[in-house]
Structures are given as C-alpha cells and as structure tokens.
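So the sequence lines, in the order shown, correspond to chains A and B.
Taking full-length UniProt numbering, I'd label the letters of the first sequence as residues 1 to 275.
Taking full-length UniProt numbering, I'd label the letters of the second sequence as residues 1 to 275.
First the structure, in the form of structure tokens, and then the observations on it.
There are 2 protein chains.
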Amino acid sequence: MSITGPDEEREFLAAYRPEDYHPVAVTVDTVALTLRGGALSVLLIRRAMPPFAGFWALPGGFVRTDKTASGHLVEEDLDEAAMRELTEETGILADSHLEQLATYGDPTRDPRMRVITVAYLALVVDPPDPVSGGDAADAAWTPVAELNLATADAAAGAGARRGRPLAFDHARILADGLERARAKLEYTPLATAFLGPEFTIAELRAVYEAVWGRRVHPGNFHRKVLSVPGFVVETGQVTERGGPRGGRRAQLYRAGDARLLHPALLRPAGEGAEQ
Amino acid sequence: MSITGPDEEREFLAAYRPEDYHPVAVTVDTVALTLRGGALSVLLIRRAMPPFAGFWALPGGFVRTDKTASGHLVEEDLDEAAMRELTEETGILADSHLEQLATYGDPTRDPRMRVITVAYLALVVDPPDPVSGGDAADAAWTPVAELNLATADAAAGAGARRGRPLAFDHARILADGLERARAKLEYTPLATAFLGPEFTIAELRAVYEAVWGRRVHPGNFHRKVLSVPGFVVETGQVTERGGPRGGRRAQLYRAGDARLLHPALLRPAGEGAEQ
DNA sequence: AGAATAGTGTCTGTAAGACAATATTGT
DNA sequence: ACAATATTGTCTTACAGACACTATTCT
Numbered sequence: 001m002s003i004t005g006p007d008e009e010r011e012f013l014a015a016y017r018p019e020d021y022h023p024v025a026v027t028v029d030t031v032a033l034t035l036r037g038g039a040l041s042v043l044l045i046r047r048a049m050p051p052f053a054g055f056w057a058l059p060g061g062f063v064r065t066d067k068t069a070s071g072h073l074v075e076e077d078l079d080e081a082a083m084r085e086l087t088e089e090t091g092i093l094a095d096s097h098l099e100q101l102a103t104y105g106d107p108t109r110d111p112r113m114r115v116i117t118v119a120y121l122a123l124v125v126d127p128p129d130p131v132s133g134g135d136a137a138d139a140a141w142t143p144v145a146e147l148n149l150a151t152a153d154a155a156a157g158a159g160a161r162r163g164r165p166l167a168f169d170h171a172r173i174l175a176d177g178l179e180r181a182r183a184k185l186e187y188t189p190l191a192t193a194f195l196g197p198e199f200t201i202a203e204l205r206a207v208y209e210a211v212w213g214r215r216v217h218p219g220n221f222h223r224k225v226l227s228v229p230g231f232v233v234e235t236g237q238v239t240e241r242g243g244p245r246g247g248r249r250a251q252l253y254r255a256g257d258a259r260l261l262h263p264a265l266l267r268p269a270g271e272g273a274e275q
Numbered sequence: 001m002s003i004t005g006p007d008e009e010r011e012f013l014a015a016y017r018p019e020d021y022h023p024v025a026v027t028v029d030t031v032a033l034t035l036r037g038g039a040l041s042v043l044l045i046r047r048a049m050p051p052f053a054g055f056w057a058l059p060g061g062f063v064r065t066d067k068t069a070s071g072h073l074v075e076e077d078l079d080e081a082a083m084r085e086l087t088e089e090t091g092i093l094a095d096s097h098l099e100q101l102a103t104y105g106d107p108t109r110d111p112r113m114r115v116i117t118v119a120y121l122a123l124v125v126d127p128p129d130p131v132s133g134g135d136a137a138d139a140a141w142t143p144v145a146e147l148n149l150a151t152a153d154a155a156a157g158a159g160a161r162r163g164r165p166l167a168f169d170h171a172r173i174l175a176d177g178l179e180r181a182r183a184k185l186e187y188t189p190l191a192t193a194f195l196g197p198e199f200t201i202a203e204l205r206a207v208y209e210a211v212w213g214r215r216v217h218p219g220n221f222h223r224k225v226l227s228v229p230g231f232v233v234e235t236g237q238v239t240e241r242g243g244p245r246g247g248r249r250a251q252l253y254r255a256g257d258a259r260l261l262h263p264a265l266l267r268p269a270g271e272g273a274e275q
C-alpha cells in the first residue's frame, strides 16, 4: 500500500504482463439509423458465424488490439472501431453523426466468453443499399416499425425481423438507441443529421414525425423551427418544384451553428402512439 | 460466409479459446458525488500502486473475470463491479443512485496495456468519511470547486487536487459526470437522491444551487417544485426548529413517484458563473 | 378551377422570472 | 422588536397548441 516513486513506476510497467490477466473481450455495435421512403430504418446484418449464426443483429465486432506480423500494435479508439466494423460488414459510412450510446456487460450476454460491448448511435444520410461483408451473410435497412419493439421503454426481450429475435441483447441496445435519438431531437439539432446539406422545413418535419412516430402540426412546427436561434439558416434558394400534386415551392435551409435548441422542441406528452 | 446450424454452433463454442484473443482489460471508475457542508464534493482516492502512484484518482478497478481456485468463474455485471470497487477502496456505499456514464477507450489512456473503462455516476446521501482500502493509499471527499475544473465543457486537461492533476483521463470523466448530474437535475428528480427520505424545499433548493453552482430564486423555486406532478409529496410534518437565527419552520416532503419532471426545471441560460 | 403544399396571424392557456407581500419562528 | 426563513401573490413576458387564413404552384 505504500506509494512508490518514478523508478518503481518504470520497473512495474516493465514487468507487467497483460496476458496474465482478465480474459475479457470488447466489441462495438452500432445502431445506424436513416430515413428511407419516409420510414425510420435501422441497419441490420445477418450473422454468418456462431454464435447466433443466421440471426439478425446490429453491425459490429471486436475492437482491434492485436499485434500484427511486424509486431506493431494495432490499436484503434472505440469510435474508430465502430466505424470500421460498420463499413466492413455493410459498406455503409457513418459520415453524418456518430455518438456513444452505452456499454453492456451482462456476464451471460455472449456464450463464448466475457464480452462487453460499447454501443454507438450513427445517423446516415440517404444511404445506398448495404453490401454485406466480413462476418455478415446479409445486410439490410429495416424499417423500425417492422420490428416488434412497441416502444423504447418496453421492448428489451422482443425485437425481431421476419419473426426472429435479434442476436445477443441487441433488441435492448436498439431500443436504447431509438430512445436516445427521440430524446435528442428535442433539445439538439440532431434531426438535421438525417438530411443533406440543404433541406426544407417540411423535410425536417418529416424527420421528427418518423423518429417520434407521431404527426407534428405543420404551421406551428414551421414557426417554431425558425424561431429557435441557430437551428437553421436560410439559403435564399427555393425548391425546383412544388409538391407532385401541386403546392407552393419551399424555402431551402441549411443547419445552423447551434449545438443546443433554446427553447427545445418538446415531444407531445401522450404515450407511444405510433402513427 | 455460410450460415451454420445448431450443431456447428455447439462445435464452434466448444473449440473457442478466449485466451487466444484480444489482450484488453476492462475497468470501472465511479464519479461519486455528495453534498458536504453545502458544497458539491467528489470522492477521490490516492493511488498506492503504479501507474500514477501517488496521484489522486476516481475510485475504480478491474472488472472481475477471473477463475477462482475451484475453477468457478467469478463474473460480475459492470454495475456490481462499480459498487464493489467503490466500497473496497473507500468504504462508501453507492446506495442512493448509480448510473452508467460513458466508456473511455483511448488506446493510450493506460500505460500498462489496452484498458477501457466504463465510468459510473453515483450519488451518496450524507456519507461518512471514507476509509481507504485496496489499492487506495488515501481517500477523501473533495469539494468540486477546489478542483481546477472551470466548467464541464472546458476542463479535460485540467483537474487537480492540491495542485496535482488527476490520474489517467479522470479529469475528463469527472467533468462528464458533473455535466450529467447538472443536466439530469433539470428533467428528472435526481436532486432528491442527494437527500435523505424527508427534506424541505430549501434543502432541495440547496442541492440545485450546489450542483448548478448558481443561486436559485427561493420563492419561484418553491412554487415550481410543488407544481410539478410527482416530484415531491407532502408528509404533513414540519421541521423541529426554524433556522438557527430565526425563521419559519418548513414543511417536510418525500420524493414522489415521477421519473421525469414535466415541466422541467431549466437551468438559467448564462454560462458557468460559479457561485 | 381546384387540390395540394408552404407559410403567417391570432387567440388561449401554461409557465418562467421578477418582485413584493405575508406568515412564522428564533434571538 | 427585529432578523431570518418559509410561503404565497401578482404581474409581465414567452411560448406551445389549436385553428384559421393567405400565398403559391401543380394538374
């Protein structure tokens, strides 16, 4: 228990053998969300390898801590690992937004060994179809409404695609990711990360409606968004055309520099009435 | 890439050797906060062992994934590990609140090897002085204002007790923990977790003032708290005495059953004017 | 013309903040 | 009595939601 000096510190580190300790592995898993045809969708892969071979799962994998043939230590930060695994398994780039969600460490969550996973939330703008690779036999954007996740609060045990549950504890991770996205729409400009560089107020409203799963009043939303400082900035341009069946052309906006929305756009209070 | 069946899944697991993979360790570190003499304070330990021997640090340590002599695998969830390490190193129990904060995995954050740490936020009610144990040479409640963490946003590199920086990246973890606590006071009844089962509105206000580092208007706060459904419930009792230098006796309240405050108690907008 | 969509006006109820006044209690 | 603290009242301003209305563009 005595406190040692710099020399002892050096000796200690020289004698330390990592391989003697702690048989645990670390993975990253990403809840990648996008809007496709107006529907909030999540990127899932079909696992090619055990455990849970054949199950749908969130894209992810082991954080690299390996030594290469040259003996050089390949080490990546957790964020880098999440982006790498996402691209390896699906070809999708998390170029719009990436944030850490939470870490899941139930000792029984992986049958191989003790695996803790650091989950991420990613948003992707107008993505192509995924191309499966690595340990993924398939990859697909899946509308969240098709999964059996009634609300973010419930869920946990549920969560299926084509009737099957998700691998590991991925249903809970997905539910947590959805809840994070819903909450952050309220008090941050996160919704703009679902859209390209220029967008209309109606497109922004469509993001809120898809993520929250409820209708938003067009007039009040319009006025509200423009009244929040730094949320959006006018470009002076308007859309090329009005709506497909008529309608006025809309102003185009860009994301502003606000990090936080003051005042916030609060969700309507009533519980999870999807649609 | 082919998808295997249940038999292959069993064979795979039987042949899997965890020790062949992934030299990485997982620790937990806890930002334990309390109110002492009106000052928001954090529990710090002085490290007895390298690395960073002699430095002040957050209490924490390795998640147990060891095999015992009997060959039985001792595995604990991350929350359990956080509580165990806190008690081992300081004697303090995180009995009032414990939540996961974030996970830190910079490859250079620990000189021994790749160590990722899962950070927790704990709140403790009216705690005793800590008793150092385990790898801790000392342990102490330290007023947050004494550390060189100007605001939660700044900080990161700074953070000291008696002029020394904190070990590892603990200054950033502490800053993130403080920001989490400040934010959650706004929209959850977290403030009640700093207090005993019965408290006055003034005591609750003292929590907000200590955590936010700013004065709160007594009259408006009082009315506001009582107007939020489920935040507090009246006990019908009043305090034994008024203030030490005179003053009316206060009603006693208990925490209500609300999980979220509607409407929220928003922080005053202006930037980090402590005190 | 008529439908569809964008954008604005107006009203009402709720809430936040400033400030003041009243109610009790200790010295 | 006086200072200190708890609690309530009042007023002003801001904002959310409902609803109605105007503006523009497509078929």
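Using N, Cα and C, we set each Cβ at its ideal position, and we do this for glycine too.
Leaving aside the five residues before and after residue i along the sequence, list all residues of the same chain whose C-beta is less than 6 Å from its C-beta, in chain order.
| i | result |
| --- | --- |
| B/ALA137 | ARG46, ALA48 |
| B/GLY177 | VAL31, LEU101, LEU121 |
| B/ALA119 | ASP29, LEU101, ALA102, ILE173 |
| B/MET83 | ALA94 |
| A/ASP110 | none |
Can you tell which of the options has the C-alpha that lies nearest to the C-alpha of residue i?
| i | options | result |
| --- | --- | --- |
| B/PRO263 | B/PHE221, B/GLU240, B/LEU252 | B/PHE221 |
| A/ALA145 | A/ALA53, A/GLN251, A/GLY219, A/VAL211 | A/VAL211 |
| A/ALA167 | A/GLY219, A/LEU40, A/LEU35, A/PRO50 | A/PRO50 |
| B/LEU265 | B/ASN148, B/PRO197, B/PRO189 | B/PRO189 |
| A/ARG180 | A/PRO128, A/THR235, A/LEU195, A/LEU123 | A/LEU123 |
| B/THR27 | B/LEU147, B/VAL216, B/ASP169, B/ARG248 | B/ASP169 |
| A/THR235 | A/PRO127, A/ALA140, A/ALA255 | A/ALA255 |
| B/ARG259 | B/THR34, B/GLU240, B/LEU33, B/PRO229 | B/PRO229 |
| A/TRP56 | A/ALA140, A/ALA191, A/GLU80, A/ARG267 | A/ALA140 |
| B/GLU99 | B/ALA206, B/GLU80, B/ARG245 | B/GLU80 |
Determine the extent of the alpha helix (DSSP H) in which residue i is found, giving its start and end residues.
| i | result |
| --- | --- |
| A/SER227 | 218-227 |
| B/VAL144 | Where B/VAL144 is concerned, there is no enclosing alpha helix (DSSP H), given that its DSSP letter is neither H nor E. |
| A/ALA81 | 78-90 |
| A/ALA206 | 201-212 |
Are residue i and residue j closer than 8 Å when you measure CB to CB?
| i | j | result |
| --- | --- | --- |
| A/ASP106 | B/ASP77 | yes |
| A/LEU174 | A/LEU43 | no |
| A/GLU88 | A/GLY134 | yes |
| B/THR142 | B/SER227 | no |
| A/ALA193 | A/SER96 | yes |
| B/VAL131 | B/GLY91 | yes |
| A/ARG114 | B/THR117 | no |
| A/THR34 | A/PRO127 | yes |
| A/GLY60 | A/GLU85 | yes |
Using C-beta distances below 8 Å, list every residue in its chain close to residue i, excluding the 5 sequence neighbours before and after it, in chain order.
| i | result |
| --- | --- |
| B/GLN237 | GLU198, GLN251, LEU252 |
| A/ALA39 | PRO143, VAL144, ALA145, ALA210 |
| B/LEU261 | GLU186, TYR187, THR188, PRO189, VAL228, PHE231 |
Whole angstroms are fine: how far does the CA of residue j sit from the CA of residue i?
| i | j | result |
| --- | --- | --- |
| B/GLU274 | A/TYR104 | At B/GLU274 the pLDDT is 45, less than 50, meaning the model places this residue with poor confidence and gives no usable figure here. |
| A/PHE62 | B/ALA25 | 13 Å |
| A/PRO218 | A/GLU209 | 11 Å |
| B/TYR187 | B/ASP129 | 31 Å |
| A/GLY196 | A/ARG249 | 18 Å |
| A/PHE52 | A/GLY242 | 48 Å |
| A/LEU185 | A/ARG215 | 14 Å |
| A/PRO268 | A/ALA191 | 17 Å |
| A/ALA206 | A/ARG223 | 15 Å |
| A/GLU75 | A/PRO165 | 33 Å |
| B/PRO244 | A/ALA171 | 55 Å |
| B/ASP7 | A/ARG10 | 50 Å |
Just curious, the beta strand (DSSP E) that residue i is in, first and last residue?
| i | result |
| --- | --- |
| B/ILE45 | 39-47 |
| A/ASP176 | Careful: A/ASP176 lies outside any beta strand (DSSP E), inside the alpha helix (DSSP H) at 170-187. |
| B/LEU123 | 115-123 |
| A/ALA255 | 251-255 |
| B/LEU35 | 25-36 |
| B/LEU101 | 97-104 |
| A/VAL232 | 232-238 |
| B/PHE62 | 60-62 |
Considering only residues of the same chain and omitting the five flanking positions on each side of residue i, which have a CB-CB separation below 7 Å?
| i | result |
| --- | --- |
| A/VAL225 | ILE201, LEU204, PHE231, VAL232 |
| A/PRO23 | MET113, ARG114 |
| B/THR108 | none |
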